[in-house]
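Worksheet: the structure to be examined is printed underneath.
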Amino acid sequence: LTGEEPNLSAVSGEPLPCLNVLPNLGGPVAVDTSSADLAEEERRHPELLLGGRWRPVECQARQKVAIIIPYRSRASQLPIFMRHMHPFLQKQLLDYGIFVVEQAGNESFNRGMLMNIGALESVKLCPCECLIFHDIDLLPEDDRNLYACREQPLHLSVAYNTFNYKLPYEDFFGGVNAILVGHFRQVNGFSNKFWGWGGEDDDLANRIKYHGLSISRNPANISRYTMIKHEKEKPNPHRFEMVRSGQGRFTSDGLNSVQYRVLDVQPRRLYTWIYVGVKPPR
Ligand code: BGN
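Residue numbers for the sequence shown follow mature numbering (1 follows the signal peptide of the UniProt record, and there is no 0), so the first one is 181 and each next one is one higher.
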């Protein structure tokens, strides 16, 4: 530097778009799945705005991104996830917030419903146009895997260590997705009727295709994830039938019909905690 380069942002009066600034995405990043401590991670991230929000100061991010995590009793995974994700997202110069949506009570876990609630509640707190639905046990391995929405719904988690880094089946849409708010509304979000593990992601993929949208993916060599080991969730015995008959419910069951009560919202250092009671089946 000679010291004489014009400061482009000063010339135009506005900061440059971050995509023009992104210099140092280096590819593979270290993934640490050893145990972590939430209080320690909070101390390590004074740069975060309350609620797990951050934006770059040196450039203008193109989108505001809400990262939505469906959650219940994964206390050991939460700090591991935060330790990995905040540096990862900041390196990508994103304007983002992390929203952890926790299901209260002992009913079977309803991932789809928590995603719908996360979408509805996060857009009240952040004028976000891009929703990233993210399982808490998945850690991205490559920082070129950009956490941003595209013209079509994007499947980010293509290759997991636990599936030998291969897509398990062609229409697989589980794990991590990036969807524009407008598209998520258009497909009426996730079904609220998948209680227990499995199928709600396949149903969302069907909704997307039914509405004339298509699923895009990054190359498998950068869409790589490490899954943190944990006990298996209880599978939903009705999931096959539910996916098969799903189309009949696309317009009546989803974002437009989710019944829940917000029990608490807390903007914590590393994330916004949204604690919800959901209406059990029947
Ligand atoms: C599939 C599940 C998905 C899950 C993937 C990967 C079903 C419904 C079958 C009609 N789908 O088998 O929900 O994300 O495995 O684990 O079970």
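Backbone N, C-alpha and C define an ideal beta-carbon position, used for all residues, glycine too.
Tell me the DSSP bridge mates of residue i?
i, result
"T406", "L319"
"F279", "I248 and T452"
"Y440", "V458"
"R233", "L229 and G277"
"N357", "F313 and H335"
"W377", "P415"
"P208", "D322"
What whole-angstrom Cβ distance do residue i and residue j have, given they're in contact under 8 angstroms?
i, j, result
"D444", "Y455", "4 angstroms"
"residue 146", "V281", "As displayed, the chain neither begins before 181 nor continues past 462, which places residue 146 out of reach and without an answer."
"R419", "V338", "Contact flag wrong, Cβ pair sits at about 22 angstroms."
"I260", "I278", "In fact, because the Cβ distance is near 14 angstroms, the residues do not count as touching under 8 angstroms."
"Y440", "L319", "At roughly 28 angstroms, the Cβ-Cβ gap does not stay under 8 angstroms, so Y440 and L319 are not in contact."
"P415", "G369", "The Cβ separation is near 22 angstroms, so there is no contact."
"D382", "D351", "7 angstroms"
"H264", "V211", "7 angstroms"
"I316", "Q257", "5 angstroms"
"L336", "S394", "Not confirmed; about 15 angstroms, so no contact."
Consult DSSP for residue i and reduce its assignment to one of helix, strand or coil.
i, result
"L347", "coil"
"L305", "helix"
"C239", "coil"
"Q270", "helix"
"L196", "coil"
"H391", "coil"
"N398", "coil"
"A339", "strand"
"V445", "strand"
"G434", "coil"
"A255", "coil"
"A299", "helix"
"F261", "helix"
"V201", "coil"
"R291", "helix"
"N368", "coil"
"F420", "helix"
"R224", "helix"
"G285", "coil"
"A216", "coil"
"A328", "coil"
Is residue i near the ligand BGN, judged by its Cβ being under 6 angstroms from some heavy atom?
i, result
"F370", "no"
"V303", "no"
"G378", "yes"
"D382", "yes"
"R419", "yes"
"V423", "yes"
"G231", "no"
"G354", "yes"
Under the criterion of a Cβ to heavy atom distance below 6 angstroms, does residue i qualify as lining the ligand MN?
i, result
"T452", "Ligands present in the displayed structure are limited to the ligand BGN, and the ligand MN is not among them."
So that I know if they touch, is there some Cβ in chain B lying closer than 7 angstroms to that of residue i?
i, result
"S396", "Here there is only one protein chain, and chain B is not present."
> Are three or more beta carbon pairs between the stretch 273-283 and the stretch 225-245 nearer than 8 angstroms?
Replying inline: yes
> Are there three or more Cβ pairs, one per stretch, closer than 8 angstroms when the stretch 320-329 is compared with the stretch 357-367?
Replying inline: yes
> Does the stretch 338-347 come close enough to the stretch 362-372 that 3 or more CB-CB pairs lie under 8 angstroms?
Replying inline: Output reads no: the stretch 338-347 does not touch the stretch 362-372.
> Are the stretch 262-271 and the stretch 427-440 in contact at 8 angstroms, needing three or more beta carbon pairs?
Replying inline: At 8 angstroms Cβ cutoff, the stretches do not touch.
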